[in-house]
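Asks: For reference, the structure I am asking about is given below.
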Amino acid sequence: MQQLAILGATGTIGRNTIDVAVRHPEKFNILAVSANRDVEGLFALCNEFYPAFAAMADNAAATDLRMRIKAAGLNVEVLAGVGGINQIVALAEVDQVVAGIVGAAGLLPVLEAIKHDKRVLLANKEPLVMAGALVMSALKNSNAELIPLDSEHNAVFQCLPGGYRCGEPCIGVRRITLTASGGPFRTVELATLETVTPDEAVAHPNWTMGRKISVDSATMMNKGLEKIEASWLFDTPADNIDIVLHPQSLVHSFVEYEDGSVLAQLGQPDMRTPIAQALGYPDRIVSGVSSLNLQQLGQLEFEEVDLIRYPCLKLANIAAESGGHTPNVLNAANEIAVEAFLEGRITYPGIYTVISATLEQMSKSQVMSGSFQELEVVLEVDKLARNQATEAIASDFKACH
Numbered sequence: 000m001q002q003l004a005i006l007g008a009t010g011t012i013g014r015n016t017i018d019v020a021v022r023h024p025e026k027f028n029i030l031a032v033s034a035n036r037d038v039e040g041l042f043a044l045c046n047e048f049y050p051a052f053a054a055m056a057d058n059a060a061a062t063d064l065r066m067r068i069k070a071a072g073l074n075v076e077v078l079a080g081v082g083g084i085n086q087i088v089a090l091a092e093v094d095q096v097v098a099g100i101v102g103a104a105g106l107l108p109v110l111e112a113i114k115h116d117k118r119v120l121l122a123n124k125e126p127l128v129m130a131g132a133l134v135m136s137a138l139k140n141s142n143a144e145l146i147p148l149d150s151e152h153n154a155v156f157q158c159l160p161g162g163y164r165c166g167e168p169c170i171g172v173r174r175i176t177l178t179a180s181g182g183p184f185r186t187v188e189l190a191t192l193e194t195v196t197p198d199e200a201v202a203h204p205n206w207t208m209g210r211k212i213s214v215d216s217a218t219m220m221n222k223g224l225e226k227i228e229a230s231w232l233f234d235t236p237a238d239n240i241d242i243v244l245h246p247q248s249l250v251h252s253f254v255e256y257e258d259g260s261v262l263a264q265l266g267q268p269d270m271r272t273p274i275a276q277a278l279g280y281p282d283r284i285v286s287g288v289s290s291l292n293l294q295q296l297g298q299l300e301f302e303e304v305d306l307i308r309y310p311c312l313k314l315a316n317i318a319a320e321s322g323g324h325t326p327n328v329l330n331a332a333n334e335i336a337v338e339a340f341l342e343g344r345i346t347y348p349g350i351y352t353v354i355s356a357t358l359e360q361m362s363k364s365q366v367m368s369g370s371f372q373e374l375e376v377v378l379e380v381d382k383l384a385r386n387q388a389t390e391a392i393a394s395d396f397k398a399c400h
C-alpha cells in the first residue's frame, strides 16, 4: 500500500490525483493533504477521505480548519504554514509526494521531499525554473526519485528508454519537442488582445486548469517555463528543445533519436493519464480516461509558433538560453504580472511589459552573480524580482493601464 501526501490537494492536480487513487483502494491511501487557503475544500476532503494529516499554508486558514475538524469529530492532525507542509512530506510513512502547489511556494516542499528520499511526482514547474541546479543537485545526492506530472514532460518521460531516471543524460536523443495548444487566442486578431478580459484568458479550449496556469497557457509563458523545466529534468540543453503548436492537444510530446526515430505519446487532454502513469510506475494502472479513437479524430495539425503573438515565450526562450538566475527572475515577474492581470490592474499585453522591464532591471543587480545552488540566494533573487515587478506595475507603462 503506497501512502500519498498530496500537496495542493484542492487544486486541479490534487483532485485528479485523488480521482485516480480512489480507483485503486488496494494500492493507495491518502495519508496527508495540503492547501493554501481553501478551508472549505480541504475540510471536504478530510470529511470524505479521513487523512491522518492536513496542512494549510496560511496560518489563519489552519486555525479555521482545526476548529472545523474538531467540531466534526474527525481524527485529523492539522498543521500550519510552510513548516507544516514540510512536516507532511517528511513523514516516514509517506511513499509518494504529489507536488501540486502552484508557483514558487512549491520549491521548499519539493526540496524537503527530496531530502527525505521520497518519490516526488512533480506537477509544478517553478522549483526547477527557479532553482534547477539546486533541486537536481539535491536529487543526485539523495535516494529520491522524480517523475514529472506535467502532460508534456510526462510524455517525454514515457518516450525515453525504460528505467530512465530524471536528471540523467538522455543517451541517443537528438531533440525533444513539446507541444502547445496555443490557448484561447491562437487565431484572434492581434489588435483585440489589448482588451482581453481575465475570464477570456482562462477559457482554455482543451484543458481544465487553474486560473494562473490558464493565463500562462494563453500567453505561452507556460510553454517557456516547461522548456526550462525540461532542460533540467532530462539534462538537455535548452536549444535542443523545440515547441510546436498542436491545437488538438492529443500529441503531448515527441522525442527524436539519433537514428531518426521519433517517438510520440498520445492521449486525451486529461491530467489523469500522466498522474496514473506516475502513481503506478513502472506498472500501468486504470486512470478513468476514455480511449483515444484516431478514426474519429481525423486530422492532427502542427504549426510553427508565432513569437509576435506570444512575446512572453520569446522572453522565456531568452531566459532559458541565458541560464543562471534569469529563469528565476522570469518566473517571479510572471507570477506578479499574472496576478495583477487577473485582478484587473494591468492589461493582457501588460504581462509581457512587466516581465520584460523586470528582466532588464534585474540584470543590473549584484545579487544575480550569487551562487545558483544556495537556497538563500535563490530566495533573495525571487524576492527582489517580485519587488521589481511590483514597481513596474506601479510605473507609468502604457500596457499597464
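When the letters of the sequence shown are read in order and numbered with numbering that gives the first Met the number 0, they come out as residues 0 to 400.
Where a beta carbon is used, it is the ideal one built from N, C-alpha and C, also for glycine.
No experiment lies behind these values; they were computed from the predicted model shown.
To the nearest angstrom, how far is the alpha carbon of residue 401 from that of residue 67?
Replies: With the chain running from 0 to 400 in the structure shown, residue 401 is simply not present.
Asks: Name the one or two DSSP bridge partners that residue 244 has.
Replies: According to DSSP, which records beta bridges pairwise, residue 244 is partnered with 179, 302.
Asks: Touching or not, the stretch 255-275 and the stretch 160-176, by the rule of three or more beta carbon pairs under 8 Å?
Replies: In short, these stretches touch, since the Cβ pair count reaches three.
Asks: Let me check understanding here. Comparing Cα to Cα, which of 91, 215, 69, 125 lies closest to residue 340?
Replies: Nearest option by C-alpha distance: 215.
Asks: To the nearest angstrom, report how far apart residue 108 and residue 148 are at their CA atoms.
Replies: Between residue 108 and residue 148, the C-alpha separation is close to 16 Å.
Asks: With a cut-off of 8 Å, do at least 3 Cβ pairs link the stretch 358-375 to the stretch 318-334?
Replies: The stretch 358-375 vs the stretch 318-334: in contact.
Asks: Considering only their Cβ atoms, is the gap separating residue 8 from residue 93 smaller than 8 Å?
Replies: No.
Asks: Using a Cβ-Cβ cut-off of 7 Å (strictly less than) and excluding sequence neighbours within five positions of residue 290, which residues of its own chain qualify?
Replies: Nothing listed; no residue qualifies.
Asks: Who pairs with residue 147 in a beta bridge, going by DSSP?
Replies: Its beta-bridge partners are 121.
Asks: Taking the C-alpha atoms as reference points, what is the distance between residue 399 and residue 345?
Replies: Because the pLDDT at residue 399 is just 42, under 50, the model does not fix this residue reliably, and the value given afterwards should be weighed accordingly. One C-alpha to the other measures close to 4 Å.
Asks: Verify whether the separation of the beta carbon atoms of residue 374 and residue 30 is less than 8 Å.
Replies: No, Cβ-Cβ distance for residue 374 and residue 30 is not below 8 Å.
Asks: With DSSP as the reference, label residue 253 as helix, strand or coil.
Replies: Of the three classes helix, strand and coil, the one that applies to residue 253 here is strand, per DSSP.
Asks: As a quick exercise: from 177, 318, 127, pick the residue whose alpha carbon is nearest that of residue 98.
Replies: For residue 98, the nearest C-alpha among the options comes from 127.
Asks: With 16 as the cutoff for other CB atoms within 10 Å, does residue 397 come out buried or exposed?
Replies: Note on residue 397: pLDDT 48, under 50, position unreliable in the model; the coordinate value appears next. Residue 397 is exposed by the Cβ-count criterion.
Asks: Using the beta-carbon count (16 or more within 10 Å), is residue 264 buried or exposed?
Replies: Buried, since its Cβ has 16 or more Cβ neighbours within 10 Å.
Asks: With DSSP as the reference, label residue 337 as helix, strand or coil.
Replies: In this structure, residue 337 counts as helix in the three-state DSSP scheme.
Asks: I'd like the list of long-range same chain contacts for residue 379, defined as Cβ closer than 8 Å, with 5 residues on each side in sequence excluded.
Replies: Here the set comprises 366, 369.
Asks: Excluding the 5 residues preceding and the 5 following residue 16 in the sequence, name in chain order all residues of the same chain whose CB lies nearer than 6 Å to its CB.
Replies: Only 5, 97, 274 meet the Cβ criterion.
Asks: Residues in its own chain within less than 7 Å of residue 280 by CB, not counting five upstream and five downstream?
Replies: If we look at residue 280 and ignore the five residues flanking it on each side, its Cβ neighbours are 146.
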